[in-house]
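Asker:
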Amino acid sequence: MSRFRNLFRLFRVLGTRRNVFSKSSSSQSSIFQKSYAKSNKFLWFSGAFAVLTSAALLNQRKLSLESPSHPVKLEIDRASRTQVSGEDLLDTSKSRRPASVVENSFQELQKLGLGERITREQHELETHGSDISFHDKVLPDIVIYPQDTTEVSNVLSICNKYQLPVVAYGGATSLEGHILPVRGGVVLDFSNMKRVIRVNLQDMDVTVEPGISWNELNDYLRPYGLFFPPDPGAGASIGGMVATSCGGTNAVKYGTMKENVLSLKVVLADGRVIHTRQRVRKSSAGYDLTHLFIGSEGTLGIVTEAVLKLHPIPESHGVAMCYFDRIEDATSAVIDVVRASVDCGRIELMDDLMVKAVNKSEGLHLEEKPVLLFELAGSNHAVNEQMEKILNITKNHKGQNFEYATEPEKREELWRARKDALWSAYSLRPDCELWTTDVCVPVSRLSEMIHHTKEDLRRTNIVAPLIAHAGDGNFHLVMLVRPHDKEEMKMVKAFNDRLVKRAISMEGTCTGEHGIGEGKREYLVTELGEDAIGLMRTIKRAFDPNGILNPGKVFMPEEKLEN
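Residue numbers (the UniProt record's numbering): 1 to 563.
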């Protein structure tokens, strides 16, 4: 993928195409389209991809769907449907649906009154056939821009009837090919579903549609003194964040999406709509459907609303930067900071190569050594007290040139290196493209994991600066490669294979926040075992018997596992 396509994708996903915001309740002010051109360059790992998950067992009866605002009534006879075999469910080697099936489904979908929001125009198919990952472009057959849950329900009912694949599409920031329509079918683009439905100030929660990005949501919430903590790549949609159970730099304090979602509204594969739980902060009623859908990558159903936990914007912030001669000293300092119950909002680590890239790209003059960045939040007194603890701990681990700031301008200056890291990596090999990958290990194994990884990079001469959410053991490599150099790509793929298997051998995971998608399906078996994967397949078949929801993701084709 060319860098220009990446940049085009970023502008597109940040909402420049359509007017999608509206005033949704008396307690809310209108949201307006905003340009995030400045923050585009900060887009980074984790990301976000197409919107997501859900489904349940199909009933052998008719489904009637109506909406006051969209009075389209459908009568779908599920008993007449032919179900596919289990082997077909997620096998990307299987062919697309026949042209006649696509045409018949398109004709029926047009009867939903979607107007220009359903299209087969080539430029739309091209736009929705790729993300910012290194996976090959795959074009869908149809693109639809739904406006509400009823439309999504009606579309899925028809697609299930024709066994036509459906892929949900959010911010297009996927790094593992999650939103690629590998078997064609329909792409549901949620850029018209970005409304804030309700803010509950006393309960500190918000109900939103899946297309809104976390950046836009936090802009909306700021006047209320509240914010939503998960912060993956700029432009990542809430739907995609739910789909991948993403994290971000705030995860060490506030957790991932799993800890920040209260409830979901989900459209099942056959068009039925469910709520996964009530809005309360705790409930022990029944199975935990909410967390089943979080991280399921759009393979179990499609989320059309999410109730999210909010937090007060802290009174004060402090940012600190500290250099180390060795990464081992930096990671041991992190362990002691966490054990000392220092209330860090962020703990980020950059290696010497990443610092070099930032210096070269941004004209900075940082020491080209491993560096830790900390962010604290709370009252003025608490921030200063906690920062003193960090200073003492880093000194005990040979930390050098400790810098600390609470003023906004100085904080921004210290944090700038971290914000600019991803795109700065280009400066190390300007003729190359970025391939990012992530793994996560227990924090106690992070030093060992990074040491072996850096040794592997030295042996292979692969250029790959490192950046880590050090507080939870999750780190990313930005590999600079020439996609058309077959030998180099072969070497990089082999390195990535060793990296992932090394993480798993250290009781870690093949992905801390990027998700499985296409890129890490084979490693899921290594990590969890065939029995666990078999159980996941059983769940998938129960929720989506016809295998229409985001096929080719999460699982390897079963016949390949048997070889």
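Don't be surprised by glycine CBs; every beta carbon is placed ideally from N, CA and C.
Remember, it's a predicted structure, so these values are computed and weren't measured experimentally.
1. Quick check on Val266: buried or exposed, where buried means 16 or more other Cβ atoms within 10 Å of its Cβ?
2. Tell me which same chain residues have a C-beta within less than 8 Å of the C-beta of Val443, skipping the five on either side of it?
3. Within the continuous beta strand (DSSP E) that includes Gly318, where are the two ends?
4. Is DSSP giving Arg459 helix, strand or coil here?
5. Kindly list the residues whose CB is nearer than 6 Å to the CB of Gln147, restricted to its own chain and excluding five residues on each side of it in sequence; keep chain order.
6. Considering Ile144, what are the terminal residues of the beta strand (DSSP E) in which it resides?
7. Give me the residue from Ser237, Ala234, Asp203 and Gly240 with the minimum Cα distance to Tyr224.
8. Would Val319 and Thr244 qualify as a contact pair, given that the criterion is a beta-carbon distance under 9 Å?
9. Note down the Cα distance separating Met491 from Ser379, rounded to an integer number of angstroms.
10. Against chain D, does Ser133 count as a neighbour if the rule is that its beta carbon must be under 9 Å from one of theirs?
11. My understanding is that Ile516 touches Lys553, with C-beta atoms under 8 Å, so please give their C-beta distance in whole angstroms.
12. Using DSSP with H/G/I as helix, E/B as strand and the rest coil, what is Ala285?
13. When every heavy atom of the ligand ADP is checked, does at least one fall within less than 8 Å of the C-beta of Gly534?
14. Taking contact to mean at least 3 C-beta pairs separated by less than 8 Å, is the region 248-257 in contact with the region 278-288?
15. What runs of the alpha helix (DSSP H), each 4 residues or longer, lie entirely inside the region 94-138?
16. On the DSSP bridge assignment, give the partners of Trp214 in chain order.
17. For the region 369-385 and the region 297-308, state whether three or more C-beta atom pairs, one from each stretch, are separated by less than 8 Å.
18. Does DSSP put Asp189 in a helix, a strand or coil?
19. Which residues in the same chain have their Cβ closer than 7 Å to the Cβ of Cys432, if we skip the five residues on either side of it in sequence?
20. Can you list, in chain order, the residues of its chain whose CB lies under 7 Å from that of Asp460, leaving out five sequence neighbours each side?
21. Compare the C-alpha of Arg279 against each of Gly271, Lys309 and Met257 and name the closest.
22. Threshold first: 4 residues or longer. Then list the alpha helix (DSSP H) segments lying entirely within the region 289-366, N to C.
23. Hey, would you say Gly129 sits closer than 9 Å to Gly239, going by beta carbons?
24. How far does the alpha helix (DSSP H) with residue 570 in it extend, from its first residue to its last?
25. Between the region 499-516 and the region 258-265, do three or more beta carbon pairs fall short of 8 Å?
26. Measure the alpha-carbon distance for Met354 versus His452 and round it to whole angstroms.
27. Rounded to whole angstroms, what's the CA-CA distance from Asn550 to Lys501? Just pull it up for me.
28. Between the alpha carbons of Ile504 and Glu413, how many angstroms are there, rounded?
29. Going along the chain, which unbroken runs of the alpha helix (DSSP H) with 4 or more residues stay wholly within the region 243-271?
30. What span of residues does the beta strand (DSSP E) with Phe475 cover, start to end?
31. If you compare alpha carbons, which of Val441, Ala269, Glu315 and Pro312 is closest to Phe293?
32. Would you mind reading off the limits of the alpha helix (DSSP H) that contains Leu414?
33. Could you work out which residue in Leu466, Cys159 and Pro312 is closest to Ile548 when comparing CA atoms only?
34. If you count every other CB in all the chains shown that lies within 10 Å of the CB of Lys369, and 16 or more means buried, which is it?
35. Using a Cβ-Cβ cut-off of 8 Å (strictly less than) and excluding sequence neighbours within five positions of Leu428, which residues of its own chain qualify?
Answerer: Let me spell this out:
1. The residue in question, Val266, is buried, as its Cβ has 16 or more Cβ neighbours within 10 Å.
2. Excluding its 5 nearest sequence neighbours in each direction, Val443 has C-beta neighbours in its own chain below 8 Å: Thr331, Val334, Ile335, Val338, Ala470, Gly471, Asp472 and Gly473, listed in chain order.
3. Taken as a continuous stretch (DSSP letters only), the beta strand (DSSP E) holding Gly318 covers Ser316 to Tyr323.
4. In the structure shown, Arg459 sits in a helix (DSSP, three-state: H, G or I).
5. So the qualifying residues of the chain are Asn192.
6. Going by DSSP, Ile144 is part of the beta strand (DSSP E) stretching over Ile142 to Ile144.
7. The shortest C-alpha separation from Tyr224 is found at Asp203.
8. In this structure, Val319 sits away from Thr244, with a CB-CB distance that is not shorter than 9 Å.
9. Each residue's alpha carbon lies about 50 Å from the other.
10. Of the protein chains in this structure there is only one, and it is not chain D.
11. Rounded to whole angstroms, the Cβ separation of Ile516 and Lys553 is 7 Å, and the two are in contact under 8 Å.
12. Correct three-state label for Ala285: coil.
13. The ligand ADP is not among the ligands present in this structure, which contains no ligands whatsoever.
14. Not touching, per the Cβ criterion.
15. Runs of the alpha helix (DSSP H) lying entirely within the region 94-138 and spanning at least 4 residues, in chain order: 99-110 and 122-127.
16. Under DSSP, Trp214 forms no beta bridge with any residue.
17. Taking 8 Å as the limit for Cβ pairs, the verdict is that the region 297-308 does not touch the region 369-385.
18. Secondary structure of Asp189 (DSSP, three-state): strand.
19. Shown here for Cys432: same chain residues with a beta carbon closer than 7 Å to its own, the five before and five after excluded, namely Leu480, Val481 and Arg482 in chain order.
20. Just to set this straight, residue 460 is Thr in the shown sequence, not Asp. Around Thr460: Met491 and Phe495.
21. Closest by alpha carbon: Lys309.
22. Annotation: the region 289-366 contains the following complete segments of the alpha helix (DSSP H) (minimum length 4 residues), in chain order: 289-293, 327-339 and 352-362.
23. Taking 9 Å as the Cβ cut-off, Gly129 and Gly239 do not qualify as a contacting pair.
24. Beyond the ends of the chain as shown, which are 1 and 563, falls residue 570; an answer cannot be given.
25. The count of Cβ pairs closer than 8 Å, one atom from the region 499-516 and one from the region 258-265, stays below three, leaving the stretches out of contact.
26. Here the alpha carbons of His452 and Met354 stand approximately 18 Å from one another.
27. If I take the Cα positions, the gap works out to 26 Å.
28. Using only the alpha carbons, I get a separation of about 37 Å.
29. Runs found: 251-254.
30. Taken as a continuous stretch (DSSP letters only), the beta strand (DSSP E) holding Phe475 covers Asn474 to Val481.
31. Ranking the options by Cα distance to Phe293, first place goes to Ala269.
32. In the DSSP assignment, Leu414 falls within the unbroken alpha helix (DSSP H) covering Pro408 to Lys419.
33. With distances taken between Cα atoms, Ile548 lies closest to Cys159.
34. Answer is buried; the Cβ neighbour count reaches 16.
35. Excluding residues within five positions, the ones whose Cβ falls inside 8 Å are Leu353, Lys356, Ala357, Lys360, Val463, Pro465 and Leu480.
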